[in-house]
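S.K.: Residue numbers (my numbering), protein chains in the order written: chain A, 1 to 311; chain B, 1001 to 1311; chain C, 2001 to 2311; chain D, 3001 to 3311; chain E, 4001 to 4311; chain F, 5001 to 5311. We treat Cβ as the ideally placed atom computed from N, Cα and C, and that holds for glycine. I have a structure here, written as structure tokens, and I will follow up with some questions on it.
Structure, rendered in structure tokens:
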């Protein structure tokens, strides 16, 4: 009987944290068909990358770094892996050299998870993976989602080299395809330089709000939060680690200086008025450029903070 | 006659800082029996580590990085190596594969230094070394000390793998053995996640106060300081570099994101109402995970800031 | 006809940013004699270094990192490479093992650029290169310049090893030679420790003001700015990347913990009441100690922020 | 029914090699009680290390690197994972800070595997893990084994720091305890310098032969092989990666220059007249000192070469 | 008049080798239409990679490393850049996320170079780039070429993930498309393990000969050379740096231990009876995994050795 | 009485090798005036470097790596530190930014050592330091020495950038100044490419013989040795680590692929008919480019092999 299976992480006080086959947070591996609440999945696809590739190795490295993960949130006072049964469902199958095929596989696999009424949190991969994920979520929830989007970049950029789909265009497609509601969404961590002033046109046209790093540091977070009047539509969080400063996340594909600290993103994730969180992802961890796993550790923390916002 | 010996660091304007056999701050080497005020000692033991080992190489790397160290404190306006005669007494003998034997050696060596009425500052090693050091200090000063404890972790954790003594349990033993006075002590830089809510029980039971990173950033340091009403009992500072964010101290054994900056720890070290400082240590520098020596440089600064708080 | 040449950077949406022969900001290479506004030049000299050498490789690495550079400043709302025609004029010829010969070559080359009425921004090299640059600027502008000097160090230090000229003495010589007006100048990012209290004497004698890191964090930037009553004399900015904390700039020769963040230097560069900016440099990037190019990326940003302050 | 389970590695042509939860050679995980031929196990213990620790992370890294592993041996013309059913049984439980407890756990776990009549190949850990493994093998096979021992060091060294058991003493204990037959054994890759001439006494006394690097390069391998007249006693291979030159295996704890190449160890492993191979291990991979996984890749190859020598 | 342009590399005795904008061998940049003998081109495409991506950064890194390149071949006694006029024509335009588009661009660009009767040597990029290059050469020379193919892998593998074209299939396509004459070709450096015995079927069917590492080390090179009876058809050399051992080329995408040394590949390149060399490439340099540029330096040497075989 | 002082290295079996203040081979520090046989000295000068600087940090890193050094030579059967009393005399004073001043200091310091009838072995520094050393040796021994010169480069190159003295010209000056006897000397490890055929003229003119890597590998070492008919003039060995292949010595300033292995240099150092060895040096270790200390470990071995050739 599946319900008897324990979904608690392997304890570090019994089995040292450097030991054992690596899963997210030392959680058990499970089949999608098993009975648990939250699925953690790797999506090792980086075929939409415009600069440094390598995010395909992120699921493996983030699993490794998550050995240091723990259950109890000091500020929120919850023990997340006791509150929800969570499991590692392994990696989504992808085709490293074909974005279109990979999109189909990601959308299909995510759809299968969502059909079982689980929440789904993914570890990319480059940011192009978020589009097929959102397609699956839209199909499941039948309405445009709220997207909480942490990023240094707007990701509403136009086609590049005659390619519509790439890791800097996912937000544009998500809006154009009606997967997210732009006015209910929010971009966090945006900063320049941009290629041109016209980069902002799409956001303006669709009334997609953003908090730049300068907004966050020159204004009061409480004041910024007051302006948000969010309904209870399903919320999805996508966290591109390049929203963090390269000092805090050197291991990423298109780093931009002048970014956020991990403490700031923790605070934002803890204080945003998120309701009805249905899933999320952390993307653009590029292990070949990481340093002593600090970017992977940040990604682990992001997954943990997200899970702690589940209702 | 020993008193003629100069205890000034080798000058970088005469001898380039990259040259010469490496001692802490380019200070002279000395025997414990010689006549000087402050002894700097390496304790290259990492046999109490639960995750990444390697702190055994810290004394060597910190000596190397301390070649960039200087004497004059800009804010406190003192020239520390002119104020006190300081010397490098080399490394404490340890047994890398036997914690109990190493504890005996550390306690004995520290006791020998303290018997000469010197102040003693050590460079670990993992955090398990602080327990035998505190045993020696307690024996010398004959009463429980105040412990100023910088750390991401509480270090009051229970036995692991049936082992009572490890680098995450030193503070628990120090309290249980009566080496420190928990109510007069303070933990700084604590942050989650924890293994479980019960991790906090020991601190609560013994009224051991802590300032979390969030406390330090959401409250005013002056306000926090006002609550401290400290007597003049002997004070000991232990600084685990993982109180710093991994961006500032990547070279450590159990990094936790969302940590302090070096500037913040400088300010705290400069403004805490420390009296009667008798010793200290900096621990958990793990050179194999360091980057361009930034963790070692932080450790050097910590030693410098500590010395500048000597009366 | 030269005016027909395009001085726009190669577009990343047409040609991927990892491709093409590397120039600063993917700008065209040009001869000094060509018709454009701003010259970007490498000065790969590190023969004045007292600790870690290697800044000779900075121009090459900063060119590489600047492939991620873009044109449009989000806060200042300008597209800098459309506003001014900019070009990469290659590297200044230097003699790696002879400081005096290198000084002559740098001064001469800079002079040739300035004679064409261009603005000149250089990428060092260690900080010793700023002295011959200032000599050329003084000769061109015929009066002492205002120096905006970002640095952890005062660089007014005395001779070392019987050598008058080294990377820690350029500011002293610049004042002694009348190249800059000390009272109209400003040092930013200074922090201790110093070798001795006497290190401050020169600054005091010449009334050279500085903002320490602690000044910047304990006081309000607006208040600090109010005290500046600057005339419109020609302004030159020199940016030693060690003004940044080692977390943000590990790749430098003489790192000092407790430094500025890239966000802070961006804000300062954007808000200082700079008029009549005639040139600048970014120095002390030491690629062999850099990590995933974060120091080079910071240097690229500094060059970008400087260019955006051109009238 | 267990026999239906496939024990073939996950195919790289169906699932990219960078994807999936990491097991040795992408083999299935299995319980010891399941029905298969060869068990692969990690033993993440490095508490017997005298210099650089960190081999506790080797099982994780070697699993990761083994994603590039393949089945078919070009020279031996066998497809090993079709010939034998192999599985990853995870990591042996160890106590990082207690060698004696770890020895008990290793011996017990290995014994349980051997009781099921499986072959057992382990990935250490430091070389101290081989002693409890040999104890288990001796208990199972009821007679002293032949030890094929690849190493730069003799590992017959005396107690250090009053500790009998450490990673440089396992071979001495194995002989003293009658676990191996010294005359039927062979050490390969030995080279100087030694601490003293007396280091060789133990080998001489017990007639334990060795092939130094110089022997292997100045003599003909065929001639060396001719001298071996081995019976069919059970054979165990232990491979310390420091038998390889640091160029081929930088990621190890006590590197010695002048070592073997991976090609040479491949040839030796392929041509030694090994019969009745019952198990083996690869030890002293220290990932924190590795470079682009080349040491882990060498370890993967060693495991592969060993498996291909199974009868 | 173009013929006056000097095609000599910038001298290191006049301009230090660390200075100047980086081109291959410090050669002048030139347009394809200019009058010179040999074109060097970067092809920064890695979209055909099955494991570690990142070869897109190889042209930039190889240009940087080639600053140490020199003209005179000690054994062959020729000064190659005096013998032939060579130039860097920059990078071929590619689309990082679309293999088919990139193939078209590569074939077209190469065709344009060949039309001018120049020899063409390219720096990849992953090995998938060789197929469109061979298509262009076939079109130009109107008959199947001889392919000298250095590699650890056969690259005759079947489709993966339903994709016909990838970096491990170029040789299969080159034969199937009639671009090369398999019997006149040669693969060098091949070694196991393979996925299955069937991996060799294609080579056998097409009588494509190979020299494994073991062949090269167990047989005499002169004997191996005697077997080659080559006509004077146009010869093309493709050099995958993974033919080298990871010790000599850690910076590559799919490393295999037990490989060749740089000395061995130098000797082979110098002694193969190559006639009528018309072009070549060096591929699979992956800078993010390189170490102190040793892989890039090997690639530079390969380009140099190839050039020295031009008639 | 000084003669009572022990000159044995600190034992690793009593004091772990990672502990203690770092000296060469864990030998005692001593004043030149003390009574011992062989002085080991660091010369941290890299001001003569044409490409990658950083050898100034070599003495510190080689001391650190030499903690793994041992006394007994396996092939030569001697315990060197028992045979001769050796000590670390610290670093020679140098001026990092002034080659001429450094030359004076080096020559003077070396002269002082030689006056005490000690042998002197130095750890550079770049190769420019060998010239002032040879000047001191010539002055002491009053006749031209035999120079055994391991190097990838001839170091007889002409002035560069109008500078006569640099790290590639020391051998030319040594011959021109009559410090060495060119015909009795030998260069080992030389390989191309060269800048031009004329690079060989100086050697030819002065009949300075060399063994290229190809000579060493295509000919028999015994045959090469037979040609040497050396008298008993004082012999000096200078070992530039770039004679080694970059795989074996990545941490150097001007690496050249196709080099020697550490085993080969060990064999050469052990079999050359060296008599009357009076001193030596190992140079061009560049720690910032080293990997897990393998270059430093090679340098340690070179010093050890040299010492073992003392009569």
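Whole-angstrom Cβ separation of residue 4131/E and residue 4174/E, contact assumed at under 8 Å?
M.R.: For the purposes of this step, residue 4131/E is taken as the residue at position 131 of the fifth chain. For the purposes of this step, residue 4174/E is taken as the residue at position 174 of the fifth chain. Going by Cβ atoms, the distance from residue 4131/E to residue 4174/E rounds to 6 Å, so yes, they are a contact pair.
S.K.: Can you list, in chain order, the residues of its chain with a C-beta nearer than 6 Å to that of residue 148/A? Leave out the 5 residues immediately preceding and following it.
M.R.: Here residue 148/A corresponds to residue number 148 of the first chain, with the count starting at 1. Once the five neighbours on either side are set aside, the close Cβ partners of residue 148/A are 186 and 237.
S.K.: Report yes or no: do three or more beta-carbon pairs, one from the region 3262-3281 of chain D and one from the region 3140-3155 of chain D, lie closer than 8 Å?
M.R.: These segments touch.
S.K.: For the region 3083-3096 of chain D, which residues have a beta carbon sitting closer than 9 Å to at least one beta carbon of chain A?
M.R.: Residues passing the 9 Å Cβ filter: 3088, 3090, 3091, 3092, 3093, 3094, 3095 and 3096.
S.K.: Check for me: the beta strand (DSSP E) holding residue 5146/F runs from which residue to which?
M.R.: If you number the sixth chain from 1, residue 5146/F lands on position 146. 5146-5150 is the span of the beta strand (DSSP E), which, as asked, contains residue 5146/F.
S.K.: Beta-carbon of residue 2289/C versus every beta-carbon of chain F: anything under 8 Å?
M.R.: On the third chain, residue 2289/C is found 289 positions in, with the first residue counted as 1. Yes, residue 2289/C counts as interfacial toward chain F.
S.K.: Sort 3298/D, 3306/D and 3305/D by Cα distance to residue 3064/D and report the nearest one.
M.R.: As a first step, residue 3064/D is located in the fourth chain; it is residue number 64 there, counting from the start. That would be 3298/D, whose Cα lies nearest to the Cα of residue 3064/D.
S.K.: Which term fits residue 1044/B, buried or exposed, when burial requires 16 or more other beta carbons within 10 angstroms of its beta carbon?
M.R.: Stepping through the second chain from its first residue, residue 1044/B is reached at position 44. Its Cβ being crowded by 16 or more others within 10 Å, residue 1044/B is buried.
S.K.: What residues from chain F crowd round residue 2098/C, counting only those whose CB sits closer than 9 Å?
M.R.: Looking up residue 2098/C in the third chain gives position 98. The contacting residues are 5099, 5161, 5162 and 5163.
S.K.: Please compile the residues from chain B whose C-beta is within a distance smaller than 8 Å of the C-beta of residue 223/A.
M.R.: Counting from 1 along the first chain, the entry for residue 223/A is found at position 223. Here the premise fails: no neighbours, minimum Cβ distance about 16 Å.
S.K.: When you compare the CB positions of residue 3170/D and residue 3128/D, do they come within less than 8 Å of one another, or not?
M.R.: If you number the fourth chain from 1, residue 3170/D lands on position 170. If you number the fourth chain from 1, residue 3128/D lands on position 128. Yes, these two residues count as a Cβ contact at 8 Å.
S.K.: Let's see if you can read the secondary structure: which residues bound the alpha helix (DSSP H) around residue 4280/E?
M.R.: For this step, residue 4280/E is matched to residue 280 along the fifth chain. Careful: residue 4280/E lies outside any alpha helix (DSSP H), inside the beta strand (DSSP E) at 4277-4283.
S.K.: If we cut at 8 Å on Cβ distances, does residue 5197/F have a partner in chain E?
M.R.: As a working note, residue 5197/F is residue 197 in the sixth chain. For residue 5197/F, the answer is yes, since a Cβ of chain E falls inside 8 Å of its Cβ.
S.K.: Under the assumption that residue 38/A contacts residue 307/A (Cβ atoms under 8 Å), give the Cβ distance between them as a whole number of angstroms.
M.R.: Against the first chain, residue 38/A aligns to sequence position 38. Against the first chain, residue 307/A aligns to sequence position 307. The Cβ separation is near 7 Å, so the contact holds.
S.K.: Cβ of residue 992/B less than 8 Å from any chain F Cβ?
M.R.: This structure cannot settle anything about residue 992/B, because the visible part of chain B is limited to 1001 through 1311.
S.K.: So, is the C-beta of residue 217/A closer than 8 Å to a C-beta in chain C?
M.R.: In the first chain, residue 217/A corresponds to position 217, counting from 1. It does; some Cβ of chain C falls within 8 Å.
S.K.: So, is residue 4116/E buried or exposed, given that buried needs 16 or more other C-beta atoms within 10 angstroms?
M.R.: Here residue 4116/E is taken as the residue at index 116 of the fifth chain, counted from 1. Exposed, because fewer than 16 other Cβ atoms sit within 10 Å of the Cβ of residue 4116/E.
S.K.: Using the DSSP secondary-structure output, state which residues sit across from residue 252/A in a beta bridge.
M.R.: Against the first chain, residue 252/A aligns to sequence position 252. 285/A.
S.K.: Identify the continuous beta strand (DSSP E) that holds residue 236/A and give its terminal residues.
M.R.: As a working mapping, residue 236/A is identified with position 236 in the first chain. Residues 235-240.
S.K.: In whole angstroms, what separates the C-alpha of residue 4055/E from that of residue 4295/E?
M.R.: Position 55 of the fifth chain, counting from 1, holds the residue named residue 4055/E. Position 295 of the fifth chain, counting from 1, holds the residue named residue 4295/E. Spanning the two alpha carbons is a distance of roughly 12 Å.
S.K.: Whole angstroms is fine: what's the gap from residue 154/A's alpha carbon to residue 311/A's?
M.R.: Residue mapping note: residue 154/A aligns to position 154 of the first chain, counting from 1. Residue mapping note: residue 311/A aligns to position 311 of the first chain, counting from 1. Answer to the nearest angstrom: the Cα atoms are 28 Å apart.
S.K.: For residue 5053/F and residue 2100/C, I'd like the C-alpha separation in whole angstroms.
M.R.: In the sixth chain, the residue the question calls residue 5053/F occupies position 53. In the third chain, the residue the question calls residue 2100/C occupies position 100. Straight-line Cα distance between these residues: approximately 19 Å.
S.K.: What are the residues in the region 2035-2051 of chain C lying within 7 Å of chain B by C-beta distance?
M.R.: Cβ contacts with chain B come from 2050 and 2051.
S.K.: With 8 Å as the threshold, decide whether the Cβ of residue 4026/E is near any Cβ in chain F.
M.R.: In the fifth chain, counting from the first residue as 1, residue 4026/E sits at position 26. No, because no Cβ of chain F sits closer than 8 Å to the Cβ of residue 4026/E.
S.K.: Given that residue 1146/B touches chain H, what residues does it touch there, using C-beta distances under 7 Å?
M.R.: Within the model displayed, chain H is absent; protein chains A, B, C, D, E and F are what it includes.
S.K.: What did DSSP end up calling residue 5190/F once you bin it into helix, strand or coil?
M.R.: On the sixth chain, position 190 is the one that residue 5190/F refers to. Three-state result, residue 5190/F: strand.
S.K.: Thinking just about the alpha-carbon of each residue, which of 3167/D, 3081/D and 3012/D is nearest to the one in residue 4163/E?
M.R.: Within the fifth chain, residue 4163/E is the residue found at index 163, counting from 1. The shortest C-alpha separation from residue 4163/E is found at 3012/D.
S.K.: Which residues of chain E have a Cβ atom closer than 8 Å to the Cβ of residue 2056/C, listed in chain order?
M.R.: Against the third chain, residue 2056/C aligns to sequence position 56. Result: 4016, 4018 and 4019.
S.K.: Is it right to say residue 271/A is buried, meaning 16 or more other beta carbons lie within 10 angstroms of its own, or is it exposed?
M.R.: Here residue 271/A is taken as the residue at index 271 of the first chain, counted from 1. So residue 271/A ends up on the exposed side.
S.K.: At the level of alpha carbons, what is the spacing between residue 50/A and residue 2105/C?
M.R.: On the first chain, residue 50/A is found 50 positions in, with the first residue counted as 1. On the third chain, residue 2105/C is found 105 positions in, with the first residue counted as 1. If you take the alpha carbons of residue 50/A and residue 2105/C, they lie about 40 Å apart.
S.K.: What would DSSP say about residue 170/A, mapped onto helix, strand or coil?
M.R.: Here residue 170/A is taken as the residue at index 170 of the first chain, counted from 1. Correct three-state label for residue 170/A: helix.
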